[in-house]
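Written below as structure tokens is the structure these notes are about.
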Amino acid sequence: MRRITTVGAGETRQLTDLLQNLLVSELLAPSSRLWVLSPWISDIVVIDNASGQFKSVLPVLPARPIRLTEVLIELARRGSDVRVIMRDEPRNAITGQRLNDLAPVGPRPTLLIRNTLHDKGMVSERFHVHGSMNFTFFGQRVNQEGVTVVTDPDQISRAWVEYQNRYQLP
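In UniProt numbering, the protein residues as written are 1 to 170.
This is the structure in structure tokens:
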């Protein structure tokens with residue numbers, strides 16, 4: 001288990017690197033499922049591919065920063081059951097629209113609207129990231145946040161059971 005706390009004074013490199021490393025590992029060996037829970041969500045940059053260093057992982061994308069929606073769509077294309085759970089809020093509409101527009105055919109992430117959602121996190125077969133951070137620009141770069149990363153298989157399984165009971169498909 002690892003805890004990262006940001007102080008709200010600009011982007012925290014540890015948090016940015018953490019998200020990048022976890023998502024690149026998912027792209028290399030996709031979990032059968034990956035869920036993102038964020039009451040407020042935006043299409044934040046999650047992989048710095050500006051110099052093309054991840055060309056072998058994302059061969060169809062140019063050398064530039066890679067956004068959350070692009071990674072989630074690619075994971076769905078690679079066989080992951082990707083679900084994005086969010087509130088029905090106007091500021092979330094762009095992310096929802098991009099998930100639909102960028103993946104007009106083939107597998108795509110499932111969007112679930114839960115207007116009482118307050119959980120925040122990301123869970124796969126290998127990790128569970130949870131804490132106070134919404135997946136937004138302010139969550140990533142401005143607000144004071146506390147994020148915990150869990151890699152213990154037992155704790156990850158418990159998180160899956162809890163999330164499935166709470167947020168299962170209607």
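All C-beta atoms in this analysis are idealised placements derived from N, C-alpha and C, irrespective of residue type, glycine included.
It should be emphasised that the depicted structure is a prediction, and the values quoted were computed from it without experimental measurement.
Item to check | L117 versus P39: straight-line alpha-carbon distance, rounded | outcome: 6 Å
Checklist entry - Secondary structure at V142, three-state DSSP: helix, strand or coil? => result Coil, per DSSP.
Checklist entry - Using a Cβ-Cβ cut-off of 6 Å (strictly less than) and excluding sequence neighbours within five positions of Q140, which residues of its own chain qualify? => result I44
Checklist entry - Can you name, in chain order, every residue of its own chain whose Cβ lies under 8 Å from the Cβ of R64, other than the five neighbours on each side? => result A distance below 8 Å between beta-carbons, with the five flanking residues on each side excluded, links R64 to the following residues of its chain, in chain order: N49, A50.
Checklist entry - With respect to the alpha helix (DSSP H) encompassing W160, which residues constitute its N-terminal and C-terminal limits? => result Looking at the DSSP string, the run of the alpha helix (DSSP H) that includes W160 is 153-167.
Next on the checklist: Going by C-alpha to C-alpha distance, which of I73, R33, I113, L58 sits closest to E89?
Outcome noted: I113
Checklist entry - So who's on the other strand from W35, going by DSSP bridges? => result R83, V123
Item to check | Option nearest S32 by Cα separation, candidates G52, L18, N21, L72 | outcome: When only C-alpha atoms are compared, the closest one is L72.
Checklist entry - Using the C-alpha atoms, what's the distance from Q53 back to T151? => result 26 Å
Item to check | Opposing strand residues paired with H128 [DSSP bridges] | outcome: In the DSSP output, where bridge partners are listed per residue, H128 has V123, V150.
Item to check | Selection from D81, R87, R98, S157 that minimises the alpha carbon distance to R67 | outcome: In terms of Cα proximity to R67, the closest of D81, R87, R98, S157 is R98.
Checklist entry - Does the distance from the C-beta atom of R87 to that of N115 stay below 7 Å? => result Taking C-beta atoms as the reference points, R87 and N115 count as a pair closer than 7 Å.
Checklist entry - So F137 and V36 are in contact, right, with Cβ under 8 Å, and what is the actual spacing, rounded? => result At roughly 16 Å, the Cβ-Cβ gap does not stay under 8 Å, so F137 and V36 are not in contact.
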